[in-house]
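Read through the structure below, which is laid out as structure tokens, and then see the notes.
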Amino acid sequence: MTMRSPRGKSAQHAPSTLGLESHDIGVGVPHDSHHCTSSSVHGSDTRDHHSIGGGALAFADLKAQLRRDHTITDWDPEDREAWDNGNAAVAKRNLIWSVICEHVGFSIWSLFSVMALFMGPEYGISMDQKFIIAATATLVGSCLRIPYTQATARFGGRNWAIFSAVVLLIPTGLTMMLMMNPGEFGFGWFLAVAAITGFGGGNFASSMTNINAFYPQRLKGWALGLNAGGGNIGVPVVQVIGLLVIWLFADKPEIVCAIYLVALAVAGVGAAIYMDNLDHQTASGRAMIDCLKHRDTWLICLLYVGTFGSFIGFGFAFSQVLNISFTSAGAAKPALAAAQIAWIGPLLGSVVRPYGGKLADRIGGGKVTLYCFIAMAASASILVVAGMSADANGKVISGGVLAAFIVGFILLFLLSGIANGSVYKIIPTIWEHKAQSLSGLNSHGRTKWSRSMSGALIGIAGAAGGLGGVGINLVLRASYKSNQSATQAFWVFLSFYVMAAVVTWWFYARRPIVIGETTDLPVAGTPEGVPAAGDEVRPSGVASEGTDKQATKEALA
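In terms of the UniProt record's numbering, the sequence shown has 494 at position 494, counting the first letter as 1, and numbering is strictly consecutive.
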């Protein structure tokens, strides 16, 4: 059975028949999902828990997790009393395992960015075809984000997390088969398997939609940033594993696949044991359609193309660009040299993403996004100047040009990571504010509507952002194919960042307005002088630093 979470009460599950109290479980998260109003449930076991061996206690908690109900009804994260009484720990546990599942999914999605470094001439795959393989994986992962958003609402966050982890065993196993048999499978096989790895890219939308429903508005920037950043780290982690395999074994790419077969199994089992389903629908087909009627949806998609599109696009392409550059510079082992550097940018971009959301909680997502796009334009300028210098030198890449490429790309990773967090902070605030103007709905109805619309936009924007990654790979491929250099592509990137900065400034960063408990930025299409939501804002007279510290403390509690 399922149990309700009445006002001021922590979320309820079916009580365990073991009669055990809450203990730390899983990855060190307090197990608070058994909080009950009746003392008889927990009071039925009067044993001294400290007398039980650590292993036995852990096993008992695991057994309790397996037997409990995993559906929560009437979840209300805005109820501070219930949040403090146990709901925070429930949300935290789901966040941690959501991050783990999404993390492994991102690694599988970007698996071929690593496999490309192992593909020597014996595989019969050209440089041009490697860019197409990367673009295919990115395209499929991006397109799947919309149905994955719907799947969370239809099947539940926990149930879909289990499925999304287990299904990735298929492309991982197939990739192992391809890499263990060089020359026996043609380009079509690699293209098909790369497309299936795209299922890992869909995990992002379902995970973000799920976590968006678990956390209160005041903590969404940090929670969504942490969830996304933890998932994004899957890109550099698989690249580091690839580097270690190249360094230790040189030509054993199947070891990378074997490691992730185990990781996927762990993620699926962990999600089954420790995650929960929420009874309300966080996204619906109608919400998707309604969402597309708002101008803000299209603007957020545009901005996310520039932020996440840059992150995932460069995540797939950076190792290839480095490999080509090191080859041109005369490196003895260009693949190893590329692998030693390729992971740094994605790692930095992933680590700073939660802080982009945190900074947006404090000063506003519109401002943070604007500053990031300006800095990204400057970073792209470094690439343009370096590329023009190499072109003038007969397209021979010198040490100085190579260093400029590395610095420029790493800055783009860093800035796109921050902007990823700030853009996603804008999303729930837009709908929270729009919900306040809805007539005919009570407080619960407005909350449910805003969650549904936020979940829909998360899926739509995630798909659009991934398509930006497809564009980056195709633009780089076209530039190399037509001019034997990436300079033309760098000009395209620079132009886009300038345009995105102008859009951000015009719609989300130029007219701060104070409304009630929040200081906000205008939503696109809002008449001047009419309050609108672009970013969470602070109560008048309340120090933002203290509020920010309290929000961080609550998110990590």
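Beta carbons: idealized from backbone N, C-alpha and C, even for Gly.
- Of the candidates A134, I108 and S98, S98 places its Cα closest to the Cα of A161.
- DSSP, reduced to helix, strand and coil, places T73 outside both helices and strands of the structure shown, so it counts as coil.
- Contact holds between the region 267-277 and the region 67-81, because three or more Cβ pairs, one in each stretch, are under 8 Å apart.
- Judged by beta-carbon spacing, V104 lies within the 8 Å limit of A267, meaning their Cβ atoms are closer than that value.
- Apart from sequence neighbours up to five positions away, the residues of its chain that approach S381 with a beta-carbon distance below 7 Å are L494, ordered along the chain.
- Taking C291 as the centre and dropping the five residues before and after it, the same chain places the C-beta of T297, M453, A456, L457 and I460 closer than 7 Å to its C-beta, in chain order.
- Going by beta carbons, F214 and P354 fall outside the 8 Å limit.
- A distance below 8 Å separates the beta carbons of A317 and I472.
- With respect to S207, N227 sits close: the two C-beta atoms are nearer than 8 Å.
- Here V492 really is in contact with V475; their C-beta atoms are around 5 Å apart, less than 8 Å.
- For L178, the closest of V256, A151, T504 and W431 by C-alpha to C-alpha distance is V256.
- The C-alpha of K252 lies about 34 Å from the C-alpha of A390.
- Remark: three or more beta-carbon pairs, one from each stretch, lie closer than 8 Å, so the region 418-430 and the region 222-237 are flagged as touching.
- A check of alpha carbon separations from P216 across G156, P182 and W83 identifies W83 as the nearest.
- Beta-bridge pairing by DSSP links N277 to T71.
- Burial check for A392: the Cβ neighbour count within 10 Å stays below 16, so the residue is exposed.
- For Y304, the enclosing alpha helix (DSSP H) covers residues R295 to S328.
- Looking only at P171, F163 and G202, the smallest Cα-Cα distance to T138 is reached by G202.
- In the structure shown, Q239 falls within a helical segment according to DSSP collapsed to helix, strand and coil.
- Here DSSP, grouped into helix, strand and coil, assigns W222 to helix.
- Secondary structure of D361 (DSSP, three-state): helix.
- Between N323 and L191, the gap from beta carbon to beta carbon reaches 8 Å or more.
- The beta strand (DSSP E) runs lying completely inside the region 442-525 and spanning 3 residues or more are 513-515 and 518-520, given in chain order.
- The residue among I133, K425 and V384 with its C-alpha nearest the C-alpha of V407 is V384.
- For I341, the CB contacts under 7 Å within the same chain, skipping 5 residues up- and downstream, are L322 and I406 in chain order.
- Between the C-alpha atoms of L168 and S328 there is a straight-line separation of about 36 Å.
- Distance check between C101 and each of R80, G157, K333 and L414 places G157 closest, using alpha-carbon atoms only.
- Of T504, L248, T175 and T209, the smallest CA-CA separation from M288 is found for T209.
- Runs of the alpha helix (DSSP H) lying entirely within the region 360-445, each at least 4 residues long, are 365-392 and 399-436 in chain order.
- Around the beta carbon of K434, 16 or more other beta carbons sit within 10 angstroms, so the residue counts as buried.
- Here A250 is exposed: its Cβ has fewer than 16 other Cβ atoms, across all protein chains shown, within 10 Å.
- Check the Cα spacing between I211 and each of A88, C372 and G186: the tightest is with A88.
- Around the Cβ of P236, a 10 Å sphere holds 16 or more other Cβ atoms; the residue is buried.
- A Cβ-Cβ separation of about 6 Å places L336 in contact with I246 under the 8 Å criterion.
- Per DSSP, G285 is one residue of the alpha helix (DSSP H) stretching across G285 to L292.
- If you draw a straight line from the Cα of I397 to the Cα of S325, it comes to about 6 Å.
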